[in-house]
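Student: Converting from the sequence shown to the working numbering requires adding 4 to each position, the first position being numbered 1.
A virtual CB, placed ideally from N, CA and C, is assigned to each residue, including glycine.
Small disclaimer: the values here were computed from a predicted structure and weren't measured.
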Amino acid sequence: MNNKHRIDTRFSIRLAHVALLLMVLLAASGCRGALPVERMPRMRWLVTSVVAETTPTRDIHGWWFGARTIRMNPRAGANLSETISQALASHTFINQYSPIDLRYYFADKREMLGKAYPQLGDAEIDDLLAKVPPVRFARELGADKLVTGRIERNHLGENRTIHWWWSVLDAEIQVVDVRTGNVEWTRRYHYWKNFASPEDLQQRMAQRFVRDLDRSYFPTLAR
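Listed below in structure tokens is the structure:
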């Protein structure tokens, strides 16, 4: 009985050591991946409408069995910026300008330009606003960081013979320091998926964008 008791005791001690080691390893891995939120500075972020390449809303490429219909959303840039804003909302240390606030802001800008240049039409006023660097708007609004970028491709394609469909998204997103105007961080994203909508790819890209910030951008700010 004594020998058996000693064996059981040793087994229990070893099992406790193994369990403690596993807990330490799990805690260490969790600490490496966790974002030190308590060290993050409170920031005001402005997410501007991502610039999309000017393309028709519908086009046909190829011929015969390879012919395909390409459909583009003219609001792809605005939709992607809203999707990024929603993804960033999970971080409590980021205070964003809401899309409604931005609409009022740019409505006031259009009204001011309309009064200053009554000979200009709405399209011409929009062209003037588009030529202003986004960082100037960010400084006027008192933002700390600016998220901007451009979409090279974001469309839905469909084979005209077998009606196979897919979506493509190529985009570059940047984080700009408003005070200096310097690009602090940039990433390029490419997505191509069968039987998916362009909006689905934008959701995936926005979530990946925030994960990339967590891994490589925010830890630098926390330090």
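Report the three-state DSSP secondary structure of Arg-46 (helix, strand or coil).
Tutor: Residue numbering aside, residue 46 sits at position 42 when the sequence shown is read from its first letter. Three-state result, Arg-46: coil.
Student: Which residue comes first and which comes last in the alpha helix (DSSP H) that contains Leu-231?
Tutor: Nothing about residue 231 can be read from this structure; the chain reaches only from 5 to 227.
Student: Hey, is the segment 186–196 in contact with the segment 162–176, meaning 3+ C-beta pairs nearer than 8 Å?
Tutor: Counting Cβ pairs under 8 Å, three or more are found: they touch.
Student: Would you call the CB atoms of Glu-86 and Ile-155 closer than 8 Å?
Tutor: Sequence index remark: in the sequence shown, residue 86 carries index 82 (1-based). Sequence index remark: in the sequence shown, residue 155 carries index 151 (1-based). No, they are not a contact pair.
Student: Hey, how far is the Cα of Asp-105 from the Cα of Ala-111?
Tutor: Sequence index remark: in the sequence shown, residue 105 carries index 101 (1-based). Sequence index remark: in the sequence shown, residue 111 carries index 107 (1-based). Each residue's Cα considered, the two are about 10 Å apart.
Student: Please list the terminal residues of the continuous alpha helix (DSSP H) segment that includes Asp-130.
Tutor: Within the sequence shown, the letter at position 126 stands for residue 130. Per DSSP, Asp-130 belongs to the alpha helix (DSSP H) from 126–135.
Student: Looking only at its own chain, which residues have a Cβ that is under 8 Å from the Cβ of Ile-11, when we skip the five neighbours before and after it?
Tutor: As a working mapping, residue 11 is identified with position 7 in the sequence shown. Because Ile-11 carries a pLDDT of 48, less than 50, the predicted location of this residue cannot be relied on, and the following value inherits that uncertainty. Result list for Ile-11: empty, nothing under 8 Å.
Student: Quick check for students: name the residue ranges of the beta strand (DSSP E) that lie wholly in the segment 125–198, counting only runs of 3 or more.
Tutor: The qualifying runs are 149–163, 169–181, 187–198.
Student: Can you tell me where the alpha helix (DSSP H) holding Gln-207 begins and where it ends?
Tutor: Locating residue 207 in the sequence shown gives position 203, counting from the first residue. Element bounds for Gln-207: 202–216.
Student: Could you tell me whether the Cβ atoms of Asp-148 and Met-76 are closer together than 8 Å?
Tutor: Residue mapping note: residue 148 aligns to position 144 of the sequence shown, counting from 1. Residue mapping note: residue 76 aligns to position 72 of the sequence shown, counting from 1. Going by C-beta atoms, Asp-148 is not nearer than 8 Å to Met-76.
Student: Please report how far the alpha carbon of Arg-191 lies from the alpha carbon of Arg-72, in whole angstroms.
Tutor: For the purposes of this step, residue 191 is taken as residue 187 along the sequence shown, with counting starting at 1. For the purposes of this step, residue 72 is taken as residue 68 along the sequence shown, with counting starting at 1. Distance between the alpha carbons of Arg-191 and Arg-72 is about 30 Å.
Student: Measure the Cβ-Cβ separation of Pro-202 and Ala-80 and say whether it is below 8 Å.
Tutor: Counted from its first residue, the sequence shown places residue 202 at position 198. Counted from its first residue, the sequence shown places residue 80 at position 76. Yes, the Cβ-Cβ distance between Pro-202 and Ala-80 is below 8 Å.
Student: Bridge partners of Ala-56, per DSSP?
Tutor: Here residue 56 refers to the residue found at position 52 of the sequence shown. Note: Ala-56 sits in a beta bridge opposite Ile-155.
Student: Can you tell me whether Thr-96 is buried or exposed, with buried defined as 16 or more other CB within 10 angstroms of its CB?
Tutor: On the sequence shown, position 92 is the one that residue 96 refers to. By the 10 Å Cβ count, Thr-96 comes out exposed.
Student: Going by alpha carbons, who is nearest to Ala-82 out of Ser-102, Ile-74, Ser-94, Gly-70?
Tutor: Translated into the one-based positions of the sequence shown, residue 82 becomes position 78. Minimum Cα distance to Ala-82 is reached at Ser-102.
Student: Note down the Cα distance separating Pro-45 from Met-209, rounded to an integer number of angstroms.
Tutor: On the sequence shown, residue 45 is found 41 positions in, with the first residue counted as 1. On the sequence shown, residue 209 is found 205 positions in, with the first residue counted as 1. Taking the straight line joining both Cα atoms gives about 25 Å.
Student: Per DSSP, which one or two residues make a beta bridge with Ile-64?
Tutor: Position 60 of the sequence shown, counted from the start, is the residue given in the question as residue 64. DSSP lists Thr-73 as partners of Ile-64.
Student: Within 10 angstroms of its Cβ, does Asn-186 collect 16 or more other Cβ (buried), or is it exposed?
Tutor: Within the sequence shown, numbered from 1, the residue matching residue 186 stands at position 182. So Asn-186 counts as exposed.
Student: Assign Gln-123 to one of three DSSP states: helix, strand, or coil.
Tutor: Working through the sequence shown from its first residue, we reach residue 123 at position 119. Correct three-state label for Gln-123: coil.
Student: Would you grab the beta carbon distance between Leu-150 and Ala-142 for me? Rounded to a whole angstrom, and I think it's under 8 Å.
Tutor: Working through the sequence shown from its first residue, we reach residue 150 at position 146. Working through the sequence shown from its first residue, we reach residue 142 at position 138. Confirmed, Cβ separation roughly 4 Å.
Student: I'd like to know whether the C-beta atoms of Ile-129 and Gly-146 end up nearer to each other than 8 Å.
Tutor: Position 125 of the sequence shown, counted from the start, is the residue given in the question as residue 129. Position 142 of the sequence shown, counted from the start, is the residue given in the question as residue 146. The answer is no: Cβ separation not under 8 Å.
Student: Could you give the distance in angstroms between the alpha-carbon of Gln-123 and the alpha-carbon of Thr-152?
Tutor: Translated into positions along the sequence shown, residue 123 becomes position 119. Translated into positions along the sequence shown, residue 152 becomes position 148. One C-alpha to the other measures close to 31 Å.
Student: In whole angstroms, what is the alpha-carbon distance linking Val-182 and Arg-62?
Tutor: Taking the first residue of the sequence shown as position 1, residue 182 is located at position 178. Taking the first residue of the sequence shown as position 1, residue 62 is located at position 58. About 37 Å.
Student: Could you give the distance in angstroms between the alpha-carbon of Pro-137 and the alpha-carbon of Ala-200?
Tutor: Your numbering for residue 137 matches position 133 in the sequence shown. Your numbering for residue 200 matches position 196 in the sequence shown. Computed Cα separation, rounded: 34 Å.
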